[in-house]
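Sequence lines, in order, name chains B and S. Going by our numbering, the first residue of the first sequence is number 21, and it counts up by one from there. Going by our numbering, the first residue of the second sequence is number 125, and it counts up by one from there. A virtual CB, placed ideally from N, CA and C, is assigned to each residue, including glycine. Read the structure below first, then the notes.
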Amino acid sequence: MIGGKAMIIRILRESETVRYAAEELKRYLALIDESVDTSIIYSAEETEGEIVLGLLSELSLPHNDLNDPKLDDIMDISIHGLSGYIGGSNERSILMGVYRYLKSLGCRWVRPSNAGEYIPKGDISGHSFVFRKKADYPFRGQCIEGAVGYEHLREVILWLPKVEMNLFMIEQIVPYNYMNRWYRHLANTRLSHDDIPYSDYCDYCLKLEHLIKKCGLQLHVMGHGALNEPFGVRHMISGQHYDVPEETKKAFALVKGKRELHGSSPFFTNLCMSQEWVREKVVNWLSDYLKEKPYIDFLHFWLADSYNNHCECEECIKKTPSDWYVDMLNMLDARLKEQGNDTRIVFIMYVDTLWPPIESRLNDPKRFIMTTACGSGKGYSDKRREGGIPQWKRNDFSIKGGLDLALSFIDGWKPVFDGPRFIYEYWFYTSHYADPGYMSFARNIARDIKSLHLTGFDGIMSDGSQRTFFPTGLPLSMLGEFLFDTSLDTESYITHYLRDAFGADYKEAKAYLEAVSASFDIDALSLNTDITAQDTGATDKLSKKSGSDRKYRSR
Amino acid sequence: VIGNTAVGDIIAKVPEAVDRFAPIIERNLALEDKCHRESWSILKYHGEYCKGLSEIYYALSRNDIDNANLALERLTDYLSLCELDISLYFDLFLFVQRTKQLIAGL
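What follows is the structure, given as structure tokens:
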């Protein structure tokens with residue numbers, strides 16, 4: 021380039037994520053100001069007129085507030101006239117720092133894909149930006165849900181760090197259940213319902229894992245649906261038929277005198293956890309899985325997504341499901357230590373494991389993260405259930421859940437575990453459909469995030485569709501950016517978002533969307549038995565109430 | 125919303141509001157900036173969606189389940205036709221599942 025503004029982006033470490041951060045910075049700077057002529061170098065040697073990308077420690081920046089680099093995101097940026105640094109507490113924070121700097125230049129990613137990026141044009145040589153911030157919450161992200169294809173997931177994952185989200189979860193070993201709904205176009209009256217080969221889903225899953233790692237995001241995997249995989253019973257979709265060998269059934273929970281698939285699905289079926297060979301087989305399978313995928317950051321090891329089907333054999337009844345669960349968690353922890361694997365294990369306080377164990381204790385709590393699914397969409401408080409935790413009785417689960425009860429249960433778990441924990445929220449599962457304008461919905465999210473601190477949770481895993489940008493990406497953007505910085509002003513954020521999304525006529529767009537939201541009463545249009553109101557056996561309950569996927573299988 | 129005539133009366137006015145806003149959408153569909161252009165393009169599809177929702181919810185507000193189901197079928201067919209244009213933004217599967225639950229009074 022003749023007469024261009026030459027500048028260097030220097031990276032202090034040669035890793036895929038930091039290289040990607042540098043390439044993103046180079047690409048967007050060129051889009052904003054095409055006279056900027058940028059080159060990327062990997063070097064420890066200082067040069068003039070450079071932007072340096074590195075960890076806080078590599079840049080000799082203060083990081084006393086950094087407790088756990090895997091969790092804590094800190095950005096430290098100081099750039100004057102295309103010269104300075106972008107530091108992060110981890111590699112994803114460097115990438116997020118790049119986007120934060122670009123936002124200071126007026127860039128905005130209002131929704132996923134190239135068509136969602138607003139990039140202003142102009143001379144950037146005189147621009148200055150100084151910023152330091154530690155994320156208010158260490159868990160900010162999404163779990164796969166709904167009907168989603170590879171391209172949808174790819175675009176959303178690339179978008180997450182642009183709105184300061186730091187994690188993505190691929191539930192199940194291969195998320196066939198969710199992706200299959202898209203590729204078969206199950207709800208579509210016009211498109212073909214033919215499936216694609218299963219091997220394609222496996223390839224997509226690997227590509228997505230790679231993409232999550234490339235962005236430096238926390239990679240969360242598994243959850244429900246893998247419990248029976250070690251016994252050769254693979255959950256793929258609801259309503260699938262299984263021919264289970266008698267030998268395999270010996271691993272299933274004994275319920276009402278029978279060992280069989282609960283609700284005809286391994287997704288809903290618990291195990292006979294008192295049998296050592298059963299526990300061993302599960303732990304062997306999980307540890308082998310992590311040997312194959314040592315890059316996984318958080319392995320969610322959960323029991324079945326159902327209720328009232330724990331084992332009633334004479335050995336199992338000697339301990340509670342939570343005690344057996346903790347025993348298995350300890351076994352897995354020990355095995356991973358032998359393997360030298362530092363993957364964190366996420367355990368779930370869910371259905372019977374809401375109750376704390378009586379005897380068993382986690383040997384190394386630092387290995388673990390707690391989660392629970394009690395999102396209600398009705399705001400947060402620190403209120404506990406009057407009367408405390410109800411009495412537990414095997415296979416007699418009939419409590420009416422809610423945040424207040426979940427907090428009471430968490431209090432019960434505290435002597436066993438008082439480490440990091442995050443909540444599963446279902447705002448984007450169905451709640452967003454109750455407000456087609458998204459304006460009331462977005463404000464509710466901002467309101468709730470501002471009161472999340474009352475609960476003691478360390479963030480939110482948003483369990484919902486990845487396709488929630490109709491008509492705007494305002495609510496999901498707010499989820500990420502408000503969890504990063506709870507002090508953001510809601511109305512100012514909304515105005516700026518809509519200006520960047522719609523351009524000159526944004527005020528008209530805002531008035532229109534406000535009118536749409538006001539016309540559709542979000543409370544009147546919410547489901548009475550919304551999944552968000554349930555905190556137990558959600559999938560099982562939903563499928564029993566509505567037929568779930570099954571209604572589409574007759575096609 | 126089922127049997128809630130007050131809610132239904134307000135929702136019934138949505139198609140009018142969508143039509144009133146249509147010229148503003150039209151004048152923004154050829155913007156130079158691709159992000160802004162796409163935002164308005166989404167609003168165009170979204171307007172038809174709101175009209176379809178208005179029919180469903182109005183029928184529900186009058187306890188007219190049959191017409192609510194028919195309106196859902198029509199809206200599903202419209203969204204099916206344009207799904208490939210809006211697939212990054214809208215999950216038709218969850219929408220249909222959830223709306224059927226709403227109509228069923230769940």
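Requested in this report: Check the Cβ-Cβ distances between A553 (chain B) and every residue of chain S, and say whether any is below 7 Å.
Outcome: Note that A553 (chain B) has pLDDT 37, beneath the 50 cutoff, so the model's placement of it is unreliable and no number is given.
Query raised in the report: Hey, how far is the Cα of E70 (chain B) from the Cα of E171 (chain B)?
Result: E171 (chain B) has its alpha-carbon roughly 35 Å from the corresponding atom of E70 (chain B).
Query raised in the report: In terms of alpha-carbon separation, which member of B:F367, B:Q238, B:L115 and B:T289 lies closest to M348 (chain B)?
Result: B:F367
Report task. Give me the Cα-Cα distance between S219 (chain B) and D133 (chain S), rounded to the nearest whole angstrom. Result -> 51 Å
Requested in this report: Count the CB pairs spanning the segment 57 to 64 of chain B and the segment 123 to 141 of chain B that are closer than 8 Å, and state whether there are at least three.
Outcome: no
Query raised in the report: For Y105 (chain B), which beta-bridge partners are listed by DSSP?
Result: B:V72 and B:S98
Query raised in the report: Do you know offhand how far M513 (chain B)'s Cα is from D505 (chain B)'s?
Result: Note that residue 513 (chain B) corresponds to Tyr in the displayed sequence, not to Met. Going from the Cα of Y513 (chain B) to the Cα of D505 (chain B) covers about 12 Å.
**Report entry** Minimum Cβ-Cβ distance from L196 (chain S) to chain B less than 7 Å
**Finding:** Taking CB atoms only, L196 (chain S) has no neighbour in chain B less than 7 Å away.
Query raised in the report: For the segment 471 to 489 of chain B against the segment 514 to 525 of chain B, are there 3 or more C-beta pairs whose distance is under 8 Å?
Result: no
Query raised in the report: What residues from the segment 471 to 488 of chain B come within 9 Å of chain S, judged by C-beta to C-beta, listed N to C?
Result: G484, S485, Q486, R487 and T488
Report task. Determine whether the Cβ of L226 (chain S) lies closer than 7 Å to any Cβ atom of chain B. Result -> yes
Query raised in the report: What's the call for P314 (chain B), buried or exposed, on a 16-neighbour Cβ count within 10 Å?
Result: exposed
Query raised in the report: With burial defined as no fewer than 16 other Cβ atoms inside 10 Å of the residue's Cβ, what is the status of T373 (chain B): buried or exposed?
Result: T373 (chain B) comes out buried.
Query raised in the report: Hey, out of B:S113, B:P89, B:W179 and B:L91, whose CA is closest to I97 (chain B)'s CA?
Result: B:S113
Query - chain S residues whose Cβ lies nearer than 7 Å to that of L427 (chain B) - result: Residues of chain S passing the Cβ test: none, with the nearest at roughly 27 Å.
Requested in this report: Rounded to whole angstroms, what's the CA-CA distance from F437 (chain B) to N361 (chain B)? Just pull it up for me.
Outcome: 21 Å
Query raised in the report: Using a Cβ-Cβ distance under 7 Å, would P376 (chain B) count as near chain S?
Result: no
Report task. Decide yes or no for the touch test of the segment 167 to 180 of chain S against the segment 196 to 210 of chain S: beta carbon pairs closer than 8 Å, at least 3 of them. Result -> yes
Query raised in the report: Does the beta carbon of K168 (chain S) come closer than 7 Å to any beta carbon on chain B?
Result: no
Query raised in the report: Counting pairs of beta carbons, one from the segment 107 to 121 of chain B and one from the segment 66 to 85 of chain B, are three or more of them closer than 8 Å?
Result: yes
**Report entry** Element boundaries [beta strand (DSSP E), containing V118 (chain B)]
**Finding:** Taken as a continuous stretch (DSSP letters only), V118 (chain B) belongs to no beta strand (DSSP E), being part of the alpha helix (DSSP H) at E111 to S124.
Query raised in the report: So what does H320 (chain B) bridge to, in DSSP terms?
Result: DSSP lists B:M242 and B:V366 as partners of H320 (chain B).
Query - Chain-order list of residues whose beta-carbon lies under 6 Å from that of A136 (chain S) (same chain, five-residue window excluded) - result: For A136 (chain S), same chain residues with a beta-carbon under 6 Å away, outside a window of 5 residues either side, are Y182 in chain order.
Query raised in the report: By DSSP, does R30 (chain B) sit in helix, in strand, or in coil?
Result: strand
Report task. Hey, could you find the ends of the alpha helix (DSSP H) Y196 (chain B) is sitting in? Result -> Y196 to Y203
Query raised in the report: Which residues in chain B sit within 7 Å of A154 (chain S), going by Cβ to Cβ distance?
Result: In chain order: nothing, as chain B lies at least about 12 Å away.
Requested in this report: Return no unless some Cβ of chain S is closer than 7 Å to the Cβ of R204 (chain B).
Outcome: no
Query raised in the report: Does the Cβ of A324 (chain B) have 16 or more other Cβ atoms within 10 Å, making it buried, or fewer, making it exposed?
Result: Classification for A324 (chain B): buried.
Query raised in the report: Does any heavy atom of the ligand SAM sit closer than 6 Å to the C-beta of A454 (chain B)?
Result: The model depicted lacks the ligand SAM and carries no ligand whatsoever.
Requested in this report: Compare the C-beta of M167 (chain B) with all C-beta atoms of chain S and state if any pair is closer than 7 Å.
Outcome: Note on residue identity: the sequence assigns Ala, not Met, to residue 167 (chain B). Closer than 7 Å to some Cβ of chain S, the Cβ of A167 (chain B) qualifies, so yes.
Query raised in the report: Quick one: Cα of E332 (chain B) to Cα of I430 (chain B), how far?
Result: 26 Å
Report task. Mind reading off the beta-carbon distance from M189 (chain B) to G169 (chain B)? Whole number of angstroms is fine, and I expect it under 8 Å. Result -> The pair is not a contact, with the Cβ atoms about 17 Å apart (cut-off 8 Å).
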